[in-house]
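J.: Counting with mature numbering (1 follows the signal peptide of the UniProt record, and there is no 0), you get residues -20 to -1, 1 to 244 for the letters of the sequence shown.
Yeah, the Cβ is synthetic: ideal placement off N, Cα and C, and Gly gets one too.
Remember, predicted model here, so these are calculated numbers, not experimental data.
Got a structure for you, written out below as structure tokens; questions coming shortly.
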Amino acid sequence: MFFVASKVLGFLTAPSNALAMVGLAGVALAAAGWPGAGAAAMAAAILGLAVAGFSPLGAWLLLPLEQRFPRASADPAPAGLVVLGGSFDTAIAGARQEVALAAAAERLTAVAELARRWPEARILFSGGSNALAGDDGVTEAELARRLFVSFGVAESRLIFDARSRNTVENARFSREAAGRAAAGRWLLVTSAYHMPRAVGCFRAAGFPVEAWPVDYRTRGPQDAWAPSASFSAGLRRIDMAAREWVGLVAYWLLGYVTAPLPRP
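Here it is as structure tokens:
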């Protein structure tokens, strides 16, 4: 139930979706005989989309998340790396019978480099299926296995959690999959904007990981006053940031993390 509710909430709270629905509501109001209210709603939707798409608002929301956790020290060598899912499109992969990467693929390419840097480190990949209903026919863990083996990583180093569908489950099932080895030093590899929520969940699960953020979506503080490179890019940024902030607050209210913005 929580998984379904989170998907629905994520759709409704995405600014681009919300503004589009306001615009459609304006069309419906105008058609129903309230042209003034309809025009106001449509104008508000157009203005809101323009601000979201062209302004640096998305960067303002992403920067506090991306800057929150600096990368951990490379020494001493870690016992293992935990890599969170989100890098595969399981729907396309299941339909096409091939590995289909998503926008967060840097989580995987970073691990390929880290696996060579620390040849003794175990690699724990956590990710199931993102399907809201039914089954995509493949999990992210299965796709990750194929990809890591193609990178030349020995299967004896790999641990997989194929059950997780959200960050809470990532933390709980990763702790379970790591077993006694979780007492060693583990680095958590995920997108920088997602790191605060992920670290908070792992702490709550009793798995004291250290942050290794990747997949940055801003250049840094200099983006705070830079307009978006394109309308679509601006909408993607603000939707991503809004989803993460809503997720943080929801997880805090539900007790999955101990603070609305976990600290390093």
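Which word fits V129, buried or exposed, when buried means at least 16 other C-beta atoms lie within 10 angstroms of its C-beta?
T.: Counting Cβ neighbours within 10 Å, V129 comes out exposed, since fewer than 16 surround it.
J.: So, is E120 buried or exposed, given that buried needs 16 or more other C-beta atoms within 10 angstroms?
T.: Classification for E120: buried.
J.: DSSP state of P15, grouped into three classes?
T.: In this structure, P15 counts as helix in the three-state DSSP scheme.
J.: Starting from R87, trace the alpha helix (DSSP H) in both directions and tell me its first and last residue.
T.: Where R87 is concerned, the enclosing alpha helix (DSSP H) stretches over E86 to R97.
J.: If distances are taken between C-alpha atoms only, which option among L241, F211, G65 and P240 comes closest to N110?
T.: Per the Cα distances, G65.
J.: Which residues does DSSP pair with W166 in a beta bridge?
T.: Note: W166 sits in a beta bridge opposite G60.
J.: Can you give me the C-alpha to C-alpha distance between M1 and L27, rounded to a whole angstrom?
T.: Their backbone Cα atoms lie some 14 Å apart in a straight line.
J.: Pick from A54, G164 and E46: whose alpha carbon is nearest that of A95?
T.: It is A54.
J.: Kindly provide the ranges of any alpha helix (DSSP H) runs that are 4 or more residues long and lie completely inside the segment 105 to 134, ordered along the chain.
T.: Entirely contained in the segment 105 to 134, the alpha helix (DSSP H) runs reaching 4 residues are, in chain order, 120 to 130.
J.: May I ask which residues mark the beginning and end of the beta strand (DSSP E) holding W192?
T.: Per DSSP, W192 belongs to the beta strand (DSSP E) from E190 to V194.
J.: Within 10 angstroms of the Cβ of R76, are there 16 or more other Cβ atoms? Answer buried if so, exposed if not.
T.: R76 comes out exposed.
J.: Beta-carbon within less than 6 Å of G3's beta-carbon, same chain only, minus the 5 sequence neighbours each way: which residues are those?
T.: So the qualifying residues of the chain are M22 and A25.
J.: Which two residues bound the contiguous beta strand (DSSP E) that contains G140?
T.: Correcting the residue identity first, residue 140 is Phe in this sequence and not Gly. Looking at the DSSP string, the run of the beta strand (DSSP E) that includes F140 is L138 to D141.
J.: My guess is that V194 and V169 are in contact by the Cβ rule of under 8 Å, so how many angstroms apart are they, rounded?
T.: At roughly 6 Å, the Cβ-Cβ gap stays under 8 Å, so V194 and V169 are in contact.
J.: Taking just the CA atoms, how far does A8 sit from V91?
T.: One C-alpha to the other measures close to 50 Å.
J.: So, using beta-carbon positions, are residue 257 and G74 closer together than 8 Å?
T.: Nothing can be reported for residue 257, as the shown portion of the chain is limited to -20 through 244.
J.: Which residues in the same chain as E86 place their Cβ atom closer than 7 Å to its Cβ, once the five residues preceding and following it in sequence are excluded?
T.: V194 and D195.
J.: Relative to the C-alpha of I139, which residue among L61, R145 and G6 is closest?
T.: For the residues L61, R145 and G6, the minimum Cα distance to I139 belongs to L61.
J.: Assuming L42 contacts Y173 under a Cβ cut-off of 8 Å, what Cβ separation, rounded to an integer in Å, is found between them?
T.: At roughly 5 Å, the Cβ-Cβ gap stays under 8 Å, so L42 and Y173 are in contact.
J.: In chain order, what residues of the same chain have a beta carbon less than 7 Å from the beta carbon of N(-4), not counting five sequence neighbours either side?
T.: Excluding positions up to five away in sequence, the list reads F(-10).
J.: Of the choices I218, N146, W225 and L123, whose alpha-carbon is the least far from that of A80?
T.: The residue with the shortest Cα to Cα distance from A80 is L123.
J.: For S154, name the three-state secondary structure that DSSP assigns.
T.: Three-state result, S154: helix.
J.: Alpha carbons only, please: which of P15, S35 and A30 is nearest the one belonging to A204?
T.: Selected option, being the one with the closest Cα: S35.
J.: Does DSSP put F187 in a helix, in a strand, or in coil?
T.: Correct three-state label for F187: coil.
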